Each structure stands twice: as C-alpha cells, then as structure tokens.
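For any residue, its number in the numbering used here is found by taking its place in the sequence shown, counting from 1, and adding 7. The C-beta atom is built at its ideal place from N, Cα and C for all residues, glycine as well. The structure presented is a predicted model; accordingly, all values stated were derived computationally and were not measured. Structure first, commentary second.
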Amino acid sequence: MKAKIPRIASSEITSPELYADRRRFMQLTAGASLASLLPTGLWAADKLPSTANPAYLLSEKTTPYKDVTTYNNFYEFGTSKEDPARNAHTLKTRPWTITVDGEVKKPKTFDIDALLKLAAMEERVYRLRCVEAWSMVIPWLGYPLAELIKQVEPTSKAKFVEFITLDDPAQMPGELSQVLAWPYTEGLRMDEAMHPLTLLTFGLYGEVLPNQNGAPVRVVIPWKYGFKSAKSIVKIRFTETQPVSSWMQAGPREYGFYSNVNPSVDHPRWSQAKERRIGEFFKRETLPFNGYAEQVAGLYAGMDLQANF
Ligand code: MTE
C-alpha cells in the first residue's frame, strides 16, 4: 500500500460543535420529509438512528465527513484513494444477506434489514489507523459483533472467524485487476471477534454507510491496522485453523494475521512509529494498540508481538 496524503484546508475540519449541529440538523430532518425536499444528492444517504455510547467518546476532533468519505481504501473500486468515492455507486446494497456458517451449531443467513435490528444501534467514536501511517477519527454506527456471534452458537472447534467480502466484478470494477486475490477476506481470533470493541458497523456520522465505506455492513476493529476492517461483508465463517487473508497472500512478510497497531514493529518498507492524522499538518506518535491497550493488551499476554505481527 502506498500512502498519498491530501492537503486539507483547516476550514474543512469539522469541530465537535459543528458536528453536534450537523447531528441535530439530521435529527430534525429524520423521517426524510424535509430531506426529500432538498436537491438530490445533497442528503442522499439515509439517516440511521442510534444512541451515542459515552464509553467511546474521544476528546480528539472527528475527521471531516468529506475526508472520511472521499479518502478511502476499497480496492474492489480501484487502488487510488479517490477511486472508491468515484466508482462505488455501482454497488447494489439491497437485497443483501450475510451467511454465517462453519463451526457453529446454528448456521444462519441474515437479511441485512433484520441484522440492522438485531441489537441496539450505538454511535462510537473510534480512531482508525491505516497501515500506511495515516489515521482518522470516525463516529461509527453499529453494535458489537458478539451480538451476531451469540445467535449462531459457535462450537468448541471455532477458534477463528473469517470475513468474506462480496465478489462481483460487474458491481466492483476493481476486481478486474489482479492486485489482490478476490474476494477480499480477513480474519480474527475468536476472542478478538468477541471483544466488545469489535463493531459490526452499518453507518457513520448519523447515516447509513456510504458505499465507499463498506455498505451495507462491515467490521471495525479499532486496535488493528485498517485493512483488518473488512467492508461489504457477505459471509462470516467460523474455522478451526487460522484463515489466510487477501493481504497475507499478497505480502506474507508485510501483512501479518494479527496486525495490531504497534509503533515498535515497523513495516518492512516504512516506520510505524508515527502517523498523520488526516486534516493535521504535524505527525503524531502512534500509540500501542492504537490507544486501546488498556482494553485489549491482555488478549496477547505472553505472545511475542514481533513474531506475531
Ligand atoms: N475491505 C475491502 N473489502 N476491500 C478493501 O480494499 N481496505 C481496507 C479496509 N477494508 C479494504 C477493506 C483498508 S486498507 C482500510 S485502511 C480500511 O478498509 C479503510 O476504511 P475506510 O475507507 O472506511 O476509511
């Protein structure tokens, strides 16, 4: 992955106050009656009601909506940061199902609209640190993946979870290139998947996910490099053996299974000690586990994190 950092005017950075105003405005226009009077495209995304979870508020500024939705990695729609916002309109997000199978007692196919109602929708502000050494702060909407996992009752053999993205070159023109092995797959260890921070994600900034951010459903694992957060998921499979992700296949020495954010383990081609927060000029120190060490370091007690990068 190559890092390309856009220059962003300070006027484009959303202050927390402005964000609160935007949220209030969206609540006022919820129900779409006023929204439908606005010119097409201005409020194209549907609102997604949620309750802010105070345990996951950050004092750091949220990254402007514009950057969150126009500076993306989603190789199914092209490899440059601007490609997904430009190309992802071809993705059809209804009808949509997620099939959950493998080492579970109750395999099940969830319709996306049922999945949206499976648990209480929360707003959580998380840092997202990309392996390319840039980061954002995003108000995500979702609920813990553990809620879905409980429904299917994993067997004692279920040690890992694999996420599988939609594979359809007719909707995803980037799949015509061989840059990665399609479908895009990622994986977690069972305890990581069950961790309360791991979010099954349906929206951001009060709205359903824009296509370029992984509509209609993705995961967000905030203590790991962003590529672990698979987008547009159609399958979740429970396995006994550790799955091999698309990035591990593409560069086994560069992209490990764990990929926990770790400033003291460099990528073979660049340092991971610092990062550029999109919208800021000066680099900031990268924090172990992306600042979530208190919650997750215990999952890796006794493990060599240099070897298990
Ligand atoms: N999921 C799929 N299916 N395809 C991808 O190319 N890119 C990953 C991850 N999930 C990717 C994906 C990478 S490298 C990052 S940094 C994040 O999505 C970016 O998420 P965002 O665009 O919502 O910020």
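Cβ shell of residue i (< 6 Å), same chain only, five flanking positions each side left out
{"i": "Q256", "result": "A188"}
{"i": "G221", "result": "K238, S239"}
{"i": "L252", "result": "According to the sequence shown, residue 252 is Ser rather than Leu. Hits under 6 Å: T192, E193, G194."}
{"i": "N60", "result": "E129, R131"}
Other residues of its chain near residue i: CB distance less than 7 Å, five sequence neighbours each side excluded
{"i": "G258", "result": "none"}
{"i": "W254", "result": "F234, Y262"}
{"i": "D28", "result": "Low local confidence applies: a pLDDT of 48 at D28 is under 50, so the model's placement there is unreliable, and no value is given."}
{"i": "D311", "result": "none"}
{"i": "T77", "result": "E89, A92"}
{"i": "R260", "result": "P275"}
{"i": "P229", "result": "Y133, R134, L135, L204, N297, Y299"}
{"i": "E24", "result": "Interpretation of E24 is limited by its pLDDT of 48, a score under 50 that renders its predicted location unreliable; no figure is taken from the coordinates."}
{"i": "T70", "result": "M143, V144, I145, I285, G286"}
{"i": "A52", "result": "E214, V215, P217"}
Assumed close pair residue i, residue j - CB separation to whole angstroms, cut-off 8 Å
{"i": "L216", "j": "R225", "result": "7 Å"}
{"i": "E247", "j": "E83", "result": "In fact, because the Cβ distance is near 28 Å, the residues do not count as touching under 8 Å."}
{"i": "T116", "j": "T97", "result": "Actually they do not touch by this definition, with Cβ atoms about 24 Å apart."}
{"i": "A165", "j": "F81", "result": "That belief does not hold up - the Cβ atoms of A165 and F81 are roughly 28 Å apart, past 8 Å."}
Selected residue, minimal CA-CA separation from residue i, among the options
{"i": "K88", "options": "Q279, G181, W147", "result": "G181"}
{"i": "I240", "options": "T248, L122, W277, D198", "result": "L122"}
{"i": "Q56", "options": "F170, Y78, E110, W147", "result": "The sequence shown places Pro at residue 56, not Gln. Looking at the Cα atoms, W147 is the closest of the given residues."}
{"i": "N218", "options": "N79, E169, N60, P190", "result": "N79"}
{"i": "L155", "options": "L183, V75, V138, K113", "result": "K113"}
{"i": "R101", "options": "I119, S163, W230", "result": "I119"}
{"i": "K290", "options": "D90, A95, E139", "result": "E139"}
{"i": "V268", "options": "V303, I285, I243, K164", "result": "V303"}
{"i": "V159", "options": "F316, D53, I243, S278", "result": "I243"}
{"i": "Q185", "options": "L306, S278, T86", "result": "T86"}
{"i": "C137", "options": "G309, V75, T162", "result": "V75"}
{"i": "K99", "options": "K157, P223, D53", "result": "P223"}
{"i": "F316", "options": "F288, Y232, S278, S266", "result": "S266"}
{"i": "Y232", "options": "P250, A314, G309, F264", "result": "F264"}
{"i": "Q249", "options": "T106, E199, A52, Q313", "result": "E199"}
{"i": "D108", "options": "G305, L306, N94, F167", "result": "F167"}
{"i": "L306", "options": "M201, A95, W277, K157", "result": "M201"}
Residue i: first and last residue of the uninterrupted alpha helix (DSSP H) it sits in
{"i": "T248", "result": "No alpha helix (DSSP H) contains T248, which DSSP labels as neither H nor E."}
{"i": "K157", "result": "152-159"}
{"i": "P77", "result": "Rather than Pro, the amino acid found at residue 77 in this sequence is Thr. 72-77 is the extent of the alpha helix (DSSP H) around T77."}
{"i": "V303", "result": "300-303"}
{"i": "E282", "result": "Careful: E282 lies outside any alpha helix (DSSP H), inside the beta strand (DSSP E) at 281-284."}
{"i": "R93", "result": "90-94"}
{"i": "E83", "result": "No alpha helix (DSSP H) contains E83, which DSSP labels as neither H nor E."}
Proximity test, residue i beta-carbon vs ligand 3 heavy atom, cut-off 7 Å
{"i": "T172", "result": "Ligand 3 is absent from the structure shown, which contains only ligand 1."}
Sequence-distant residues of the same chain with beta carbon closer than 8 Å to residue i, five excluded per side
{"i": "T331", "result": "Because residue 331 is not part of the residues shown, which for the chain are 8 to 316, the question remains open."}
{"i": "L294", "result": "V268, P270, A300"}
{"i": "P161", "result": "E110, V111, K112, M197, F245"}
{"i": "A280", "result": "P270, S271, D273, E292, T293"}
{"i": "K124", "result": "none"}
Residue interval of the beta strand (DSSP E) (run including residue i)
{"i": "K115", "result": "115-118"}
{"i": "Y133", "result": "129-136"}
{"i": "D108", "result": "104-109"}
{"i": "E193", "result": "192-196"}
{"i": "V226", "result": "225-227"}
task: Would you be able to state if there are at least three C-beta pairs under 8 Å between the stretch 167-182 and the stretch 271-280?
output: no
message: Quick test of the definition: if touching needs 3 or more C-beta pairs under 8 Å, does the stretch 53-68 touch the stretch 130-141?
response: Cβ pair count under 8 Å is three or more, so yes.
Cβ pair count under 8 Å reaching 3, the stretch 140-157 against the stretch 198-213: yes
message: Contact between the stretch 163-173 and the stretch 188-197 is defined here as three or more beta-carbon pairs at a separation below 8 Å; is this criterion met?
response: yes
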